[in-house]
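Chemist: Have a look at this one before I ask anything.
Residue numbers (our numbering), protein chains in the order written: chain A, 1 to 571; chain B, 572 to 667.
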């Protein structure tokens, strides 16, 4: 086109030169005709002196900053369009949102409270038609819209328009008593003003050397109007739900800051500068046949009935069976994750988060446990779920919310399937992160709990076939002993049992102690047989003397060597 | 609203935006909107300066639909939180 634009702009494509020429001619004509009505055109206009901010806003992008961003977006060219003279504010309801510009741009009268209408002098208050709401205008025309054209539903010729847009609403009756001459005067004044602005800007631009034919076409009020539409769409009453990532991220940062000692401001909840959503009543037209559908920004309507159909894929007939199992496990995990997220929401400090969960804690927990702990005869999904990294992380996040009694069967299941789980953990190394949770559990254990957990490691008494889903009927003990995590678990258990024994929690004649001694001797045996050098536990044993009660000397020594007990501590 | 929320938390950080026309622009993320239009300040064109017409440009507005990739600083992203956000979004959409 031969025109060089210094920057990309969010502006419509360049028009043909002939159209521009036409517009100018019309302007000239009008100017000649209206040469008499010169009123209110010599107001000093402030330049919008705020440069584009070099650094972006840090922190919440509230409505203010969004307005600023969008406003600046619209004023990209170097020569900023000057503030509108705005001799008379337009009879539109000014949204409260729009007024927080904070820039000394315009000599605007102070914003009216919601519901009031600002009128140019000389106009009577128009009677709103029945059914029209006061707070938000249904016909949201831009501020500079010539009113008399509005009434007819037309627009002044614009350079970039190829087809005239449909009017959004039909406006109400012109205010009674409005003189037609008055209307024409208003319209001409506005039009005149706009073209003047445009030309002024262009002249300045030419003086400066740059040439921007698109400067000054929209007044800041127009831009503000557009910005408000976008902001309206983004308004939300529940930021934690609609805007989760940002809200939670800021919350975490704030908490980290507070922990680090900087007692800054409390988390600034973004003020709800929203208009209360009002019940939408569709526009009513007199004398029309049937219901006409009226679409607006605040009440969008479906035009095309479209649904997305999932086509059945004929491919992937025989996926690798393993992959399918893994995928099923992953899907199951996602389902569980949603439940765990609900659990965490219940504990979240923000009240909004708590309100977003409908069920109570017990229900959610029971749902989760139903999946993790197999019902009688049902297939045990635990090993497949725990083989994946996601599953272990899920368990980690779940433990803080569980009661003690609910954790026990999970630990038991973990030990039972230790072979598979430890094998698959080699890459992930997530098991170690579970150790603190186990330590906590162990510290509160009483002997029956311990026995329950270790029962999976005792040799099977009956040779009856275990459940078919149990892939490895072998005892998990060798696996546990060769894995650092496993050894740590066993060491903690033995530790705890020692404490209990010292305190004689269940008396020494309790049958559980027999199971216990059996366990300890089994451990000693297995550790002797182990070909590989067992790893050292994370928590070294503290009280070795308890062991001597259950095992003979040789085994005790083996155990001590195994568990790296310092012989100085031996009684 | 997931990515709008996500990008809002990255405002002020340095990112590299790769467009569908293969142009890569490095700059500070100034703002983002619900259509994921991006506004960058202090931009420079990465890779060889095959695009000399961008030399004088300091700030730019990029329409969301032309973006192919946005390269982010890794330590500004909480992946765990992002996963949770995605799960919540999926759950909300499944409900609706």
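Where is the CB? At the ideal position from N, CA and C, for every residue including glycine. Model, not experiment: these values are computed from the prediction.
1) To test your reading of the DSSP string, which unbroken alpha helix (DSSP H) runs of 4 or more residues are found completely within the segment 205–239 of chain A?
2) Between residue 382/A and residue 393/A, what straight-line distance do the alpha-carbon atoms span, to the nearest angstrom?
3) Checking 9 Å against the spacing of the C-beta atoms, do residue 607/B and residue 632/B come in under that value?
4) Ends of the alpha helix (DSSP H) at residue 617/B?
5) Residue 652/B and residue 248/A: beta carbons closer than 9 Å?
6) Exposed or buried, residue 342/A, counting other C-beta atoms within 10 Å across all chains shown (16 or more means buried)?
7) Going along chain B in order, which residues have a C-beta closer than 7 Å to the C-beta of residue 249/A?
8) Within 9 Å of any Cβ in chain A, is that where the Cβ of residue 671/B sits?
9) Any idea if residue 361/A is buried or exposed, counting beta-carbon neighbours within 10 angstroms, 16 or more meaning buried?
10) How would you label residue 228/A, buried or exposed, when you count the other beta carbons within 10 angstroms and need 16 or more for buried?
11) Helix, strand or coil for residue 493/A per DSSP?
12) Kindly say whether residue 573/B, judged by its beta-carbon, lies nearer than 9 Å to any beta-carbon of chain A.
13) Mapping the DSSP letters down to three states, classify residue 611/B as helix, strand or coil.
14) Relative to chain B, which residues along the segment 231–262 of chain A have a C-beta separation below 8 Å, given in chain order?
15) For the segment 326–351 of chain A, enumerate the residues whose C-beta is nearer than 8 Å to any C-beta of chain B, in chain order.
16) Less than 9 Å separating the beta-carbons of residue 416/A and residue 441/A?
17) Establish whether the CB of residue 621/B and some CB of chain A are separated by less than 9 Å.
18) Alpha carbon to alpha carbon, how far is residue 346/A from residue 251/A? Give it in angstroms, no decimals.
19) Are the beta-carbon atoms of residue 412/A and residue 379/A separated by less than 9 Å?
20) Using 10 angstroms around the beta-carbon of residue 29/A, count the other beta-carbons present and answer buried if the total reaches 16, otherwise exposed.
21) Starting from residue 590/B, trace the beta strand (DSSP E) both ways and give me its first and last residue.
22) In chain order, what residues of the same chain have a beta carbon less than 7 Å from the beta carbon of residue 647/B, not counting five sequence neighbours either side?
23) Candidates 643/B, 604/B, 615/B: which alpha carbon is nearest residue 234/A's?
24) Pull up the DSSP beta-bridge partners for residue 442/A, would you.
25) In the DSSP assignment, find the unbroken alpha helix (DSSP H) run with residue 528/A in it and report its ends.
26) Does residue 495/A pass the burial test, meaning 16 or more other C-beta atoms within 10 Å, or should it be called exposed?
27) Could you give the distance in angstroms between the alpha-carbon of residue 576/B and the alpha-carbon of residue 27/A?
28) Can you pull the chain A residues whose beta carbon is under 7 Å from the beta carbon of residue 664/B, in chain order?
29) Give me the residue from 305/A, 503/A, 401/A, 363/A with the minimum Cα distance to residue 344/A.
30) If you run the structure through DSSP and keep just helix, strand and coil, what is residue 475/A?
31) Can you find the residues in the same chain that come closer than 6 Å, C-beta to C-beta, to residue 477/A, ignoring five residues on each side of it along the sequence?
32) Can you find a CB in chain B that lies within less than 9 Å of the CB of residue 466/A?
33) Pull up the distance between the alpha-carbon of residue 614/B and that of residue 481/A, whole angstroms please.
34) How about residue 368/A and residue 398/A: do their beta carbons lie closer than 9 Å?
35) Are the CB atoms of residue 432/A and residue 660/B nearer to each other than 9 Å?
36) Smallest Cα separation from residue 429/A: which of 391/A, 445/A, 410/A?
Modeler: A quick look at the data gives this:
1) 220–234
2) As a working mapping, residue 382/A is identified with position 382 in the first chain. As a working mapping, residue 393/A is identified with position 393 in the first chain. Rounded to whole angstroms, residue 382/A to residue 393/A spans 13 Å at the Cα level.
3) As a first step, residue 607/B is located in the second chain; it is residue number 36 there, counting from the start. As a first step, residue 632/B is located in the second chain; it is residue number 61 there, counting from the start. Not closer than 9 Å, so no.
4) Residue 617/B sits at position 46 when you count from the first residue of the second chain. Element bounds for residue 617/B: n/a, residue is neither H nor E.
5) In the second chain, counting from the first residue as 1, residue 652/B sits at position 81. In the first chain, counting from the first residue as 1, residue 248/A sits at position 248. A contact, by the Cβ cut-off of 9 Å.
6) To locate residue 342/A, count along the first chain from 1; it is residue 342. Buried, since its Cβ has 16 or more Cβ neighbours within 10 Å.
7) One-based indexing of the first chain puts residue 249/A at position 249. Neighbours of residue 249/A on chain B, chain order: 580, 649, 652.
8) This structure cannot settle anything about residue 671/B, because the visible part of chain B is limited to 572 through 667.
9) Counted from its first residue, the first chain places residue 361/A at position 361. Exposed, since its Cβ has fewer than 16 Cβ neighbours within 10 Å.
10) In the first chain, residue 228/A corresponds to position 228, counting from 1. Result: buried.
11) Indexing the first chain from 1 puts residue 493/A at position 493. In the structure shown, residue 493/A sits in a helix (DSSP, three-state: H, G or I).
12) By one-based count along the second chain, residue 573/B stands at place 2. Yes, residue 573/B counts as interfacial toward chain A.
13) The residue given as residue 611/B occupies position 40 in the second chain. If DSSP states are grouped into helix, strand and coil, residue 611/B belongs with the strands.
14) 233, 234, 241, 242, 243, 244, 245, 246, 247, 248, 249, 250, 252
15) 334, 337, 338, 341
16) Position 416 of the first chain, counted from the start, is the residue given in the question as residue 416/A. Position 441 of the first chain, counted from the start, is the residue given in the question as residue 441/A. Contact flag unset, no.
17) Sequence index remark: in the second chain, residue 621/B carries index 50 (1-based). For residue 621/B, the answer is no, since every Cβ of chain A falls outside 9 Å of its Cβ.
18) For the purposes of this step, residue 251/A is identified with residue 251 of the first chain, where counting begins at 1. For the purposes of this step, residue 346/A is identified with residue 346 of the first chain, where counting begins at 1. The straight-line gap from Cα to Cα measures roughly 16 Å.
19) The residue given as residue 412/A occupies position 412 in the first chain. The residue given as residue 379/A occupies position 379 in the first chain. No, the pair does not count as a contact, with Cβ atoms beyond the cut-off.
20) One-based indexing of the first chain puts residue 29/A at position 29. Residue 29/A is exposed by the Cβ-count criterion.
21) Looking up residue 590/B in the second chain gives position 19. Segment 585–590, the beta strand (DSSP E) holding residue 590/B.
22) The sequence position of residue 647/B within the second chain is 76, counting from 1. So the list reads 581, 584, once near-sequence residues are dropped.
23) As a working note, residue 234/A is residue 234 in the first chain. Checking every option, the nearest Cα to that of residue 234/A belongs to 604/B.
24) Numbered from 1 along the first chain, position 442 holds the residue referred to as residue 442/A. Answer is none; residue 442/A lacks a bridge partner.
25) Along the first chain, read from residue 1 onward, the residue named residue 528/A stands at position 528. Element bounds for residue 528/A: 512–529.
26) Residue numbering aside, residue 495/A sits at position 495 when the first chain is read from its first letter. Under this definition residue 495/A is a buried residue.
27) Here residue 576/B refers to the residue found at position 5 when the second chain is read from its first residue. Here residue 27/A refers to the residue found at position 27 when the first chain is read from its first residue. When rounded, the distance between both Cα atoms is 46 Å.
28) Working through the second chain from its first residue, we reach residue 664/B at position 93. Residues of chain A passing the Cβ test: none, with the nearest at roughly 12 Å.
29) For the purposes of this step, residue 344/A is taken as the residue at position 344 of the first chain. Ranking 305/A, 503/A, 401/A, 363/A by Cα distance to residue 344/A puts 401/A first.
30) Translated into positions along the first chain, residue 475/A becomes position 475. Three-state result, residue 475/A: coil.
31) Translated into the one-based positions of the first chain, residue 477/A becomes position 477. Within the same chain, residue 477/A has close Cβ partners 457, 526.
32) Translated into the one-based positions of the first chain, residue 466/A becomes position 466. Summary for residue 466/A: the model assigns pLDDT 45, below 50, so the residue's position carries little reliability; its value from the coordinates is reported in the next sentence. False, the Cβ-Cβ gap to chain B never drops below 9 Å.
33) As a first step, residue 614/B must be located in the second chain, where it is residue number 43. As a first step, residue 481/A must be located in the first chain, where it is residue number 481. Using only the alpha carbons, I get a separation of about 58 Å.
34) Counting from one through the first chain, the residue named residue 368/A turns up at place 368. Counting from one through the first chain, the residue named residue 398/A turns up at place 398. Yes, Cβ-Cβ distance for residue 368/A and residue 398/A is below 9 Å.
35) Locating residue 432/A in the first chain gives position 432, counting from the first residue. Locating residue 660/B in the second chain gives position 89, counting from the first residue. For residue 432/A and residue 660/B, no; Cβs fall outside 9 Å.
36) In the first chain, counting from the first residue as 1, residue 429/A sits at position 429. Cα-wise, what sits closest to residue 429/A is 391/A.
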